[in-house]
Each structure stands twice: as C-alpha cells, then as structure tokens.
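In my numbering, the protein residues as written are 5 to 258.
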Amino acid sequence: MLTGQIGTIVILVLVLVVGGAGFVAYRVIRNRIRNFTRMAFGSDTITGSFQNMEKMLEVTPKSVSAATSLYLPQILRDFPEFHYDEMKKRAENVLSGYLQGIDAKNVARLKEGTTSELREKLSMKIDALKEENAGEHYKNIKIHRTEIKAYQKRKGRCSIVFQSAVQYYFFRKKDGQVTEGAEDRLVQTRYNVEMIYIQDRDVVENQADSGLAMNCPNCGAPLPGLGAKKCLYCDSPIVEFSIRIWNFSDVVKV
C-alpha cells in the first residue's frame with residue numbers, strides 16, 4: 005500500500021517536473037520569437053509581423069539589373085553621339101506613357117518615338133479591356149531607378165533594354181467592381197523597356213541608295229558597323245541622312 009502511494013507520488017512529481025520544464029521552455033521560445041519579430045518587423049506577434057512586412061514591401065523599391073557600366077562603353081563605341089541621360093529619360097517617358105495609355109484607354113498617351121508594334125500592342129490591350137467592360141488603373145506612377153539591362157547587336161539590328169524600378173497604385177475594375185489590386189495599396193515592381201536602332205522606311209524610300217546606311221556610298225565597301233562615320237577602305241565620310249533612328253519597341257513587366 006505504502007509502496008503504491010510512493011510510486012504515485014513519484015509519477016506526479018515527474019509529471020510536474022516535465023510539465024514545468026516544458027512550460028519554461030515554451031516561455032523561453034515564445035520570448036525569443038517575440039524579441040526576434042519585434043526587432044525584425046516591429047511587432048510582438050507573427051500576424052502583426054506579416055502585416056508590417058507587407059507594409060515594408062509596399063514602400064521598398066525593387067532592385068534592378070544594372071549593367072550600365074558594362075554596356076554603356078560598348079554603346080558609345082558604336083554610337084559616339086548616343087546621349088545616355090537623354091535616352092534613359094525617354095525610356096522612362098515611354099514607360100509612363102504606356103501605363104497612362106492603359107489607364108486612360110488612349111493610345112495617344114504614348115508620345116515618345118515608338119514603333120508601330122508597340123503602339124499596336126497598347127491598342128490591342130485597350131481593345132481587350134473595352135470588350136471586357138473592364139479597366140486597369142495606374143495612379144501616382146513613380147520611377148525610382150532606371151539602368152541599362154542589356155545591349156545586343158546582330159544582323160544590322162541593335163537593341164538596348166532599360167530596366168526600371170516602378171511604384172504605383174494599381175487596381176482593376178470590371179463592371180464597376182474592383183476585381184484585382186486596391187486603390188490604397190502601393191505596388192512595387194519592375195519593367196523592361198526595349199529600344200531598337202531601325203531604318204526609317206519613309207526616308208529610305210526617298211534616297212537613291214537604300215543601302216547607304218550599311219555600305220560606303222563612295223566605294224561600296226561594307227561599313228564596319230552601325231554608327232560608323234568613316235569608311236575604313238577609302239576614308240570617305242559617311243552621312244546616314246537620319247536613315248536609322250532609335251525607337252522604342254516594347255514594354256514588359258518583369
């Protein structure tokens with residue numbers, strides 16, 4: 005009888021010890037989690053931490069693939085008259101105009117020099133929204149940073165891709181109801197804007213020699229590359245008559 009009571013007491017003591025140790029461990033872990041979430045996200049609770057993290061993401065600009073220092077020297081060798089700051093500003097204007105064009109359902113918002121393909125892309129987007137009786141709205145557009153992401157030169161065609169970190173308030177409405185995004189929620193994202201060096205067909209048609217931009221008009225020798233100002237074979241100056249110009253060809257969210 006006494007032995008049984010002692011055994012029961014021992015078991016109870018062990019349960020209390022284990023339970024107490026578990027409670028202490030729980031308090032320690034909970035306090036550590038609270039300290040971590042408070043330091044990292046400014047809240048004692050996991051839920052509050054996630055909410056604070058979402059708010060941080062709303063106001064933190066996206067990083068961009070910055071390869072300007074790599075590609076700009078190459079571009080300037082091919083095109084000595086290329087003005088980086090001016091072209092970067094034009095790329096930002098095209099991006100803003102494209103988004104504003106979707107918002108207002110107006111292709112005319114795309115004012116910078118653009119290809120027919122980009123204008124057609126915007127027009128098709130607007131037509132699709134009208135057909136759905138929907139609208140996509142981009143408010144308070146702000147571009148944080150723009151850098152050259154890529155530069156390609158192949159088969160007489162050059163392209164430069166700018167990448168921009170952008171913020172705006174985005175929401176999509178259909179039949180008067182918000183179906184995506186929120187009017188009071190800031191969005192941070194990235195866009196690529198492509199610019200290509202193309203022939204102005206109208207000018208080419210008015211020139212006696214439509215190959216003037218790629219061959220020397222004096223000796224007929226092939227030019228060393230786009231943007232060449234002088235023939236390597238006969239030293240004749242090369243005048244392109246603005247046959248080739250920079251135009252923006254695409255805008256893509258990435």
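Ideal Cβ positions, reconstructed from N, Cα and C, are used throughout, including at glycine.
- Assignment of Tyr102 by DSSP, reduced to helix, strand and coil, places it in the helix class.
- Residue burial annotation: Met91 is buried, with at least 16 other C-beta atoms found within 10 angstroms of its C-beta.
- In the three-state DSSP reduction, Asp107 falls in the helix class (H, G or I).
- Shown here, Asp254 sits in a strand according to DSSP, grouped into three states.
- Per DSSP, Ser69 lies in no alpha helix (DSSP H) and is assigned neither H nor E.
- Looking at the DSSP output, Tyr88 sits in no beta bridge, so it has no partner there.
- Around the beta-carbon of Tyr30, fewer than 16 other beta-carbon atoms lie within 10 Å, marking it exposed.
- According to the DSSP assignment, Arg113 belongs to no beta strand (DSSP E), since it is labelled neither H nor E.
- Contact between the segment 161 to 173 and the segment 191 to 200 is present: three or more C-beta pairs spanning the two stretches fall below 8 Å.
- Straight-line spacing of the CA atoms in Arg36 and Gly24 works out to 18 Å.
- Within its own chain, the residues whose Cβ lies closer than 7 Å to the Cβ of Lys129, once the five positions on either side in sequence are excluded, are Ile106, listed in chain order.
- Here the segment 126 to 142 lies against the segment 178 to 189, with 3 or more beta-carbon pairs under 8 Å apart.
- Burial check for Gln171: the Cβ neighbour count within 10 Å reaches 16 or more, so the residue is buried.
- Linking Arg189 to Tyr173 through their CA atoms gives a straight-line distance of about 6 Å.
- By alpha-carbon distance to Thr183, the top candidate from His141, Ala132 and Lys159 is His141.
- In the three-state reduction of the DSSP assignment, Leu122 falls in the helix class.
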